[in-house]
Amino acid sequence: MAPNAPPVVHDEVTPQYHNVTTPVYRATTTKPDPVQSAPSLFVHWIIGLLLAFSVFTVTVYYMPIRDPITTNVLNKWWDVNPKVKGSGHSEMTMPTYFFFGVVLPVLVSFLLVRFVTKGVQAPVPHLSHWLQRKPRFAFSLVSYGEILFLIVITVGNVLFFYYFYSARVTAKTSYDKRIGVAAKTLGFSTLYNMAFLALPATRHCFWMEWLGIPYAHGIKYHRWLGIVTILALFFHTVFYIKDYANDDDLIGLLPCFNCNIGAGEGKSRWVNSFGWLSGISMFIMGLTSMPFIRRRFYNVFYVTHFLFIPAAYFAVLHWGNIVIWLFTTTVLYIVNRMMSSATIQAPVVIQKAAAYPHEVTELVFECATSYQAGDIVYIKVPSVSKTQWHPFSVASTPLHTPGSLTVYIKTLGRWSGQSTIVAI
1 MAPNAPPVVH DEVTPQYHNV TTPVYRATTT KPDPVQSAPS LFVHWIIGLL
51 LAFSVFTVTV YYMPIRDPIT TNVLNKWWDV NPKVKGSGHS EMTMPTYFFF
101 GVVLPVLVSF LLVRFVTKGV QAPVPHLSHW LQRKPRFAFS LVSYGEILFL
151 IVITVGNVLF FYYFYSARVT AKTSYDKRIG VAAKTLGFST LYNMAFLALP
201 ATRHCFWMEW LGIPYAHGIK YHRWLGIVTI LALFFHTVFY IKDYANDDDL
251 IGLLPCFNCN IGAGEGKSRW VNSFGWLSGI SMFIMGLTSM PFIRRRFYNV
301 FYVTHFLFIP AAYFAVLHWG NIVIWLFTTT VLYIVNRMMS SATIQAPVVI
351 QKAAAYPHEV TELVFECATS YQAGDIVYIK VPSVSKTQWH PFSVASTPLH
401 TPGSLTVYIK TLGRWSGQST IVAI
């Protein structure tokens, strides 16, 4: 630049600012909170008590506390005399016990939730909020509701195993006999966990809703229960192999094709074979549920999970009364799945799809239902995968964008990357 040249003046760009206002609802326009009348609160307490009663009924089935009910009530109904073998209709005792102790309470609870309380969140203000709190002593990782759920399942397993096993052994029981009793006890422990296994795995499980446990956390406990179930089944199998080996009768664990399957050894061998088929189905489900397979080969995980159907079928052939234990859970699971399917039948309208730097995609959906910021929605892109659903946090509020719902997808893997390409 020449010494006498005039200085260069750069035009300053004045930044443009826009006023942004947050909509404020007046008292005249706010939607009223769900009515928390005394009858409504009473109904919610009844639901909680009925659910607790059904869990209690299953847990104490092999405890001495059940004996007065069976002896003084159920045996009289069916003319059963415990001192006379084959008297009355003893085969009806267990179904009657589970009908009044589990099926009926759960059915009443379900009807109350769907038709009386309408699935209102936080139905009992103080209790519901307390159940959703995450205490510091648990490093704020789990809520009180989750802790309560884990305590109930853990204590239930311990009590169930202890009373079933201790009622069948004494100080004089031989080691070989104890092996057989332990094998049978582990089989019933497997059944105990199967009775609750499917409940946390559905989006409309009112058990988990009452405890304030969100679906994403419920899936975690479904996996934990699945691990406990598989371990109990594994040791049930190992102990029975040891028991049959002690009797030098390992052939009794295999099927026979030239024997009378209606009674005696032939029936016993096929009962054991059905147990093998059920166990193999459950082991395959467990293996394909491992994180590596579930994340990289989700379709394999999804398809093999339908093995729960033959697993339950062969389990019933292994021991017929299993159908009584699993009836309530199975019906609830089917109903919850039907409700989940009904919620995804309406067509989805995408109002906006935009790509941003750092591989972030914005999707804005037309939304007619009410929601809150931070809620979770599950998205499936059929052109990418017909089976995968992925959770995303809602990034908008109905105050700023009424009638629409916004989520942001960060490309982290195959599904999110392909979904981004499809969206834009």
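The UniProt record's numbering applies: residue 1 is where the sequence shown begins, and numbers increase by one. C-beta: ideal position from N, C-alpha, C; glycine also. From a predicted model like this one, the values you see are computed outputs, not experimental measurements.
Classification of A342 by the beta-carbon crowding that lies within 10 angstroms, buried from 16 upward: exposed
Report yes if the C-beta distance between V422 and V377 is below 8 Å; otherwise report no. no
Using only CA atoms, which one of T229, W224, I153, H89 lies nearest to L186? T229
Segment contact flag, the stretch 193-203 with the stretch 235-244, C-beta cutoff 8 Å, min 3 pairs: no
Below 8 Å between beta carbons: does that hold for F301 and T288? yes
Might you give, ordered along the chain, the residues of its own chain that have their beta carbon closer than 7 Å to the beta carbon of D176, omitting 5 neighbours on each side? N246
Cβ-Cβ separation, G86 to T57 (assumed contact under 8 Å), whole Å: T57 to G86, Cβ: 27 Å. No contact.
Supposed contact pair V108 and L50 - C-beta distance, whole angstroms, cut 8 Å: Contact holds; Cβ gap of about 6 Å.
Please state whether the Cβ-Cβ distance between I47 and L112 is less than 8 Å. yes
Go to A395, then tell me how far its alpha helix (DSSP H) extends in each direction, as first and last residue. In this chain, A395 is not harboured by any alpha helix (DSSP H), its DSSP state being neither H nor E.
Would you tell me roughly how many angstroms separate the C-alpha atoms of R203 and V169, rounded to the nearest one? 42 Å
When the Cα atoms are used, what is the spatial distance from T30 to F115? Because T30 carries a pLDDT of 44, less than 50, the predicted location of this residue cannot be relied on, and no value is offered for it.
According to the Cβ coordinates, are P95 and F53 closer than 8 Å? no
For T22, which residues from the same chain have a beta carbon less than 6 Å from its beta carbon, with the 5 sequence-adjacent residues on both sides left out? With a pLDDT of only 49 at T22, under 50, the local geometry of the prediction cannot be trusted, and the value read off the model is given with reservation. Closer than 6 Å at the Cβ level, and outside the excluded window around T22, lies no residue.
Run through DSSP, which three-state label would H390 get? strand
Nearest to P402 by CA position, among A315, W224, A395, C367, is which residue? C367
Name the residue from A201, F274, F188 whose alpha carbon lies nearest to the alpha carbon of F235. F188
Apart from the five residues on each side of it in sequence, which residues of its chain come closer than 7 Å, Cβ to Cβ, to K380? Q388, W389
Does DSSP put A232 in a helix, in a strand, or in coil? In this structure, A232 counts as helix in the three-state DSSP scheme.
Could you tell me the alpha carbon to alpha carbon distance between S370 and Q345, rounded to whole angstroms? 18 Å
Three-state class that DSSP yields for A183 in the structure shown: It is helical.
Where the alpha helix (DSSP H) containing E265 begins and where it ends: 264-288
If you run the structure through DSSP and keep just helix, strand and coil, what is S128? Looking at S128 - three-state DSSP - the assignment turns out to be helix.
Below 8 Å between beta carbons: does that hold for I69 and L191? no
What residues are listed by DSSP as bridge partners for residue 425? Lying outside 1 to 424, the shown extent of the chain, residue 425 is not represented and no answer is given.
Beta strand (DSSP E) containing V407: first to last residue? For V407, the enclosing beta strand (DSSP E) has its first and last residue at 404-410.
Integer Cβ distance of N193 from A232, believed to fall under 8 Å: 6 Å
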